[in-house]
Amino acid sequence: MKNKLSDLNDHLFAQIERLGDEELTDEQIEKEAKRADAIVSVADQIIKNADLQLKAATLLAGHGYHFAPHLANIAPDAAPRQIGDGK
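Per the numbering used here, residue 2 is the first one in the sequence shown, and the count goes up by one each step.
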């Protein structure tokens with residue numbers, strides 16, 4: 002399954018909509034609030050991971066590809082790919 006940061010954005014806004022549902026009971030609001038806390042926790046980790054990948058890509062762009070072998074272990078998506086490699 003492939004997910005993008007735009008998908009995360011959609012999930013966060015969907016949760017905001019659920020929290021704003023005026024027909025929820027107090028019990029349902031409490032349940033949605035706990036769910037929101039869990040979503041935010043996971044979202045924070047996803048964002049931190051994306052930030053690390055961006056920093057790795059910036060390092061490559063600024064200092065050349067001799068860092069690429071080391072970055073492949075840290076942020077595989079930031080490592081350079083051959084054109085037409087299908088990824």
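All C-beta atoms in this analysis are idealised placements derived from N, C-alpha and C, irrespective of residue type, glycine included.
Buried/exposed call for residue i, threshold 16 Cβ in 10 Å
i     : result
Ala15 : exposed
Lys88 : Its pLDDT being 48, under 50, Lys88 is placed unreliably in this model, and the coordinates cannot settle the point.
Ala62 : exposed
Ala57 : buried
Option in the options with minimal Cα separation from residue i
i     : options                    : result
His12 : Leu25, Leu61, Ala37        : Ala37
Ser7  : Ala44, Gly65, Pro70, Leu60 : Ala44
Lys5  : Glu23, Ala39, Ala51        : Ala51
Rounded Cβ spacing between residue i and residue j (contact assumed at less than 8 Å)
i     : j     : result
Leu20 : Ile47 : Wrong, their Cβ atoms sit about 20 Å apart, outside the cutoff.
Glu18 : Leu25 : The Cβ separation is near 11 Å, so there is no contact.
Notebook entry, point to check: At what residue ranges does the region 22-66 contain a whole run of the beta strand (DSSP E), taking only runs of 3 or more?
Noted result: Segments of the beta strand (DSSP E) lying fully in the region 22-66: there are none.
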